[in-house]
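Using this note's numbering, read the sequence shown as starting at 332 and increasing by one per residue.
Each residue gets a CB set at the ideal place from its N, CA and C atoms; glycine is no exception.
Model, not experiment: these values are computed from the prediction.
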Amino acid sequence: MNPLKRLGRRRASVLSVLALAAVVTPGAASAAPDAPDALRASTLGAQAAQSGRYFGTAVAAGRLGDSTYSGILDREFNMITPENEMKWDTTERSRGSFNFGPADQIVSHAAAHGQRMRGHTLVWHSQLPGWVSSITDANTLRSVMNNHITTEMNHFKGRIYAWDVVNEAFADGGSGQHRSSVFQNVLGNGFIEEAFRTARNADPAAKLCYNDYNIENWSDAKTQGVYRMVRDFKSRGVPIDCVGFQSHFGTGGPPASFQTTLSNFAALGVDVQITELDIAQASPTAYTNTVRACMNTARCTGITVWGIRDSDSWRSGDNPLLFASNGSKKPAYNAALTALGGTPAAAARTSG
Ligand code: 9MR
Numbered sequence: 332m333n334p335l336k337r338l339g340r341r342r343a344s345v346l347s348v349l350a351l352a353a354v355v356t357p358g359a360a361s362a363a364p365d366a367p368d369a370l371r372a373s374t375l376g377a378q379a380a381q382s383g384r385y386f387g388t389a390v391a392a393g394r395l396g397d398s399t400y401s402g403i404l405d406r407e408f409n410m411i412t413p414e415n416e417m418k419w420d421t422t423e424r425s426r427g428s429f430n431f432g433p434a435d436q437i438v439s440h441a442a443a444h445g446q447r448m449r450g451h452t453l454v455w456h457s458q459l460p461g462w463v464s465s466i467t468d469a470n471t472l473r474s475v476m477n478n479h480i481t482t483e484m485n486h487f488k489g490r491i492y493a494w495d496v497v498n499e500a501f502a503d504g505g506s507g508q509h510r511s512s513v514f515q516n517v518l519g520n521g522f523i524e525e526a527f528r529t530a531r532n533a534d535p536a537a538k539l540c541y542n543d544y545n546i547e548n549w550s551d552a553k554t555q556g557v558y559r560m561v562r563d564f565k566s567r568g569v570p571i572d573c574v575g576f577q578s579h580f581g582t583g584g585p586p587a588s589f590q591t592t593l594s595n596f597a598a599l600g601v602d603v604q605i606t607e608l609d610i611a612q613a614s615p616t617a618y619t620n621t622v623r624a625c626m627n628t629a630r631c632t633g634i635t636v637w638g639i640r641d642s643d644s645w646r647s648g649d650n651p652l653l654f655a656s657n658g659s660k661k662p663a664y665n666a667a668l669t670a671l672g673g674t675p676a677a678a679a680r681t682s683g
């Protein structure tokens, strides 16, 4: 069920109870539900929407036929990121020959269930076909990259809320510089800017994000490198609208500075999003801290977890997600819902 519709009915019924109480039993307002209760929804997506945010998940097209999986997806989530289906090795396995079938399946599902989409990802050194990584001529690679961006964005035009235009372009460790990749090595530092300019031309209505991991701790060289790039882009008018913090965390959850990092990036004039959240062992406290960091940042527009059940996760051995492999809600689910402003108690009252 669409969580927004569900919420709409609940709000309507709360309001009508309040109205009835006012007309029929004046002075008996204390018997009516508390007003703030009307703002408490019973699902992640509906509760995030109360503050203008979304709550999303990565989806694998091959799992949509699993009714436990799609049941949770459509009840809880109002944003979808294809886990692999929009990556280069699926969409353009050989030069100029595009395959959008698996991604189209996910986009159709989202459209049918009132969910929005994040597009992931256009330019990435990984899951890149060999024919791209073996290009050595700059003019060839530039035209191949721009054609890939333009063709993929055109195909999905109007159906993608935000694109991860460039993914994971910065190096791990202390350099704060771009990582080595065919794009970096053949096109030089300017490839990221070129990708964003091409993306803006292809679909001016989509938000354009830079997405990376290990950029959550403010003092890390990698975080600082990405921050300097975004500051430079904003100062020179290079089109960038958002930064995605993947947030693949260990057992301790986010670093203490995570909220500082989010708000410092937001202060540059971009939206920030948590784009691939999972936390080893899914401690409720670690999920609470992560969700709170977003809720406390006005321009943190939403949170996406990287999969639905533990068994769906790329790191399933860590049990890092909000739903157990049998589909039941884990303690981390209640923690996340509560941190969004909902209550598990409200969930019990509305879903029986
Ligand atoms: O979850 C994805 C997994 O199914 C793929 O095998 C893997 C291949 O690299 O990519 C995983 O998703 C990655 C995402 O696209 C980018 N950030 C890191 C994610 C986890 O590896």
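query: By Cβ distance, which residues of its chain are closer than 7 Å to serine 464, with the 5 residues on each side in sequence left out?
result: Cβ within range, chain order: Val513.
message: Between the region 555 to 572 and the region 631 to 644, can you find at least three pairs of beta-carbon atoms closer than 8 Å?
response: no
- prompt: What are the start and end residues of the beta strand (DSSP E) that includes asparagine 542?
  reply: 538 to 543
- request: Over the uninterrupted alpha helix (DSSP H) stretch that includes aspartate 503, give me the two end residues.
  value: Where aspartate 503 is concerned, there is no enclosing alpha helix (DSSP H), given that its DSSP letter is neither H nor E.
- prompt: If you draw a straight line from the C-alpha of alanine 362 to the C-alpha of valine 454, how long is it?
  reply: Unreliable positioning characterises alanine 362 in this predicted model, as indicated by a pLDDT of 29, which lies under 50. The coordinate reading is nonetheless provided below. Computed Cα separation, rounded: 57 Å.
message: The alpha helix (DSSP H) that contains aspartate 405, what's its start and end?
response: 398 to 407
query: Alpha carbon to alpha carbon, what distance is there between glycine 581 and isoleucine 491?
result: Cα-Cα distance, rounded: 30 Å.
- prompt: Which residues in the same chain as histidine 456 place their Cβ atom closer than 6 Å to its Cβ, once the five residues preceding and following it in sequence are excluded?
  reply: Cβ within range, chain order: Ser512.
task: Please state whether DSSP places valine 517 in a helix, a strand or coil.
output: helix
- request: Compute the minimum distance between the beta carbon of serine 457 and the heavy atoms of ligand 1, and state whether it is under 7 Å.
  value: yes
- prompt: Would you say glutamate 483 touches ligand 1, meaning its beta carbon is less than 7 Å from a heavy atom?
  reply: Taking 7 Å as the cut-off, the C-beta of glutamate 483 does not count as close to any heavy atom of ligand 1.
query: Any idea what DSSP makes of histidine 440, helix, strand or coil?
result: helix
Tyrosine 385, enclosing beta strand (DSSP E) - first and last residue: 385 to 390
- prompt: For serine 594, which option in Val438, Pro413 and Met626 has the closest C-alpha, if you only look at C-alpha atoms?
  reply: Met626
- request: For the alpha helix (DSSP H) containing arginine 623, list its first residue and its last residue.
  value: 615 to 626
message: Are the CB atoms of glutamine 604 and threonine 628 within a distance shorter than 8 Å?
response: no
message: By alpha-carbon positions, which one of Lys488, His440 and Leu375 ends up nearest to glutamate 394?
response: Looking at the sequence shown, residue 394 is not glutamate but arginine. Out of Lys488, His440 and Leu375, His440 has the C-alpha closest to the C-alpha of arginine 394.
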